[in-house]
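Notes follow the structure.
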Amino acid sequence: MELTKNTIYSHDELGEVLVLGVHHIFETYDLDAGDGCLRSRIVRYTTEWDNYGPMPSSIRTAPVEEFRTVVGDAVRTWDGGEGANGDT
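Counting from 10, one number per residue, gives the positions in the sequence shown under my numbering.
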(Lines of atoms letter the chains of each structure in order from A and count residues from 1; the text may use other names and numbers.)
(Lines give C-alpha, C1' and ligand atoms only; values in the text may rest on other atoms or scores of the structure.)
Protein backbone atom coordinates (compact mmCIF):
# COMPACT_ATOMS: atom_id res chain seq x y z
CA MET A 1 0.00 0.00 0.00
CA GLU A 2 1.31 3.43 -0.92
CA LEU A 3 0.71 6.12 1.71
CA THR A 4 -0.42 9.49 0.39
CA LYS A 5 0.25 12.89 1.94
CA ASN A 6 -2.80 14.84 3.23
CA THR A 7 -4.89 11.68 3.41
CA ILE A 8 -6.85 10.39 6.38
CA TYR A 9 -6.52 6.66 7.09
CA SER A 10 -8.26 4.32 9.49
CA HIS A 11 -5.75 3.22 12.17
CA ASP A 12 -6.34 0.00 14.15
CA GLU A 13 -5.51 1.59 17.52
CA LEU A 14 -5.88 5.35 17.07
CA GLY A 15 -9.00 5.72 14.90
CA GLU A 16 -8.57 8.20 12.07
CA VAL A 17 -5.06 9.58 11.45
CA LEU A 18 -3.89 12.24 9.01
CA VAL A 19 -0.73 11.34 7.09
CA LEU A 20 1.46 14.44 6.69
CA GLY A 21 4.15 12.84 4.56
CA VAL A 22 6.64 10.04 4.02
CA HIS A 23 10.28 10.99 4.49
CA HIS A 24 13.65 9.39 3.79
CA ILE A 25 16.30 9.39 6.50
CA PHE A 26 19.84 9.17 5.12
CA GLU A 27 23.07 8.09 6.83
CA THR A 28 24.99 10.22 4.32
CA TYR A 29 23.92 12.25 1.32
CA ASP A 30 26.02 13.78 -1.47
CA LEU A 31 24.30 16.96 -2.71
CA ASP A 32 26.41 17.14 -5.86
CA ALA A 33 25.63 13.57 -6.89
CA GLY A 34 22.04 13.69 -5.61
CA ASP A 35 22.48 10.30 -3.96
CA GLY A 36 22.98 8.91 -0.47
CA CYS A 37 22.96 5.96 1.85
CA LEU A 38 19.33 5.46 2.91
CA ARG A 39 18.89 4.47 6.56
CA SER A 40 15.10 4.31 6.79
CA ARG A 41 11.78 5.74 5.70
CA ILE A 42 9.35 7.22 8.19
CA VAL A 43 5.78 8.42 8.01
CA ARG A 44 4.73 11.64 9.77
CA TYR A 45 1.14 11.57 10.97
CA THR A 46 -1.20 13.12 13.52
CA THR A 47 -4.27 12.12 15.45
CA GLU A 48 -5.44 15.70 16.01
CA TRP A 49 -6.03 18.35 13.34
CA ASP A 50 -8.47 21.06 12.41
CA ASN A 51 -9.15 23.25 9.36
CA TYR A 52 -5.77 24.97 9.80
CA GLY A 53 -3.58 21.89 10.14
CA PRO A 54 -2.21 19.43 12.67
CA MET A 55 -1.91 20.32 16.34
CA PRO A 56 1.90 20.65 16.78
CA SER A 57 2.09 18.50 19.91
CA SER A 58 0.22 15.63 18.22
CA ILE A 59 2.65 14.99 15.34
CA ARG A 60 4.13 11.50 15.49
CA THR A 61 6.51 9.43 13.39
CA ALA A 62 6.76 5.71 12.70
CA PRO A 63 8.73 3.49 10.35
CA VAL A 64 6.73 3.10 7.13
CA GLU A 65 6.63 -0.70 7.22
CA GLU A 66 5.34 -0.78 10.82
CA PHE A 67 2.75 1.93 10.10
CA ARG A 68 1.39 0.03 7.11
CA THR A 69 0.56 -2.95 9.33
CA VAL A 70 -1.86 -0.90 11.49
CA VAL A 71 -3.65 1.27 8.92
CA GLY A 72 -6.42 0.34 6.57
CA ASP A 73 -7.64 1.97 3.41
CA ALA A 74 -7.83 5.72 2.96
CA VAL A 75 -10.97 7.24 4.47
CA ARG A 76 -10.83 10.59 2.66
CA THR A 77 -8.51 13.35 1.52
CA TRP A 78 -7.90 16.22 3.92
CA ASP A 79 -8.81 19.55 2.29
CA GLY A 80 -5.45 21.09 3.19
CA GLY A 81 -6.77 23.79 5.47
CA GLU A 82 -9.37 25.69 3.48
CA GLY A 83 -11.23 28.04 5.80
CA ALA A 84 -14.98 28.36 6.09
CA ASN A 85 -15.08 31.07 3.41
CA GLY A 86 -12.75 29.25 1.02
CA ASP A 87 -9.56 31.10 2.04
CA THR A 88 -6.35 29.17 2.59
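A virtual CB, placed ideally from N, CA and C, is assigned to each residue, including glycine.
Requested in this report: Assign Phe76 to one of two classes, buried (16 or more other C-beta atoms within 10 Å of its C-beta) or exposed (fewer than that).
Outcome: Looking up residue 76 in the sequence shown gives position 67. Counting Cβ neighbours within 10 Å, Phe76 comes out buried, since at least 16 surround it.
**Report entry** Residue-level contact to chain D via CB, Ile51, 8 Å cutoff
**Finding:** Absent from the structure: chain D. Only one protein chain is present.
Requested in this report: To the nearest angstrom, report how far apart His20 and His32 are at their CA atoms.
Outcome: As a working mapping, residue 20 is identified with position 11 in the sequence shown. As a working mapping, residue 32 is identified with position 23 in the sequence shown. Taking the straight line joining both Cα atoms gives about 19 Å.
Report task. Would you kindly report the start and end of the unbroken alpha helix (DSSP H) that includes Glu74? Result -> Residue mapping note: residue 74 aligns to position 65 of the sequence shown, counting from 1. It spans 73-77 - the alpha helix (DSSP H) in which Glu74 sits, taken as one unbroken run.
Query - Run of the beta strand (DSSP E) containing Ser49, from where it starts to where it stops - result: Within the sequence shown, residue 49 is the residue found at index 40, counting from 1. Annotation for Ser49: the continuous beta strand (DSSP E) segment containing it runs 44-55.
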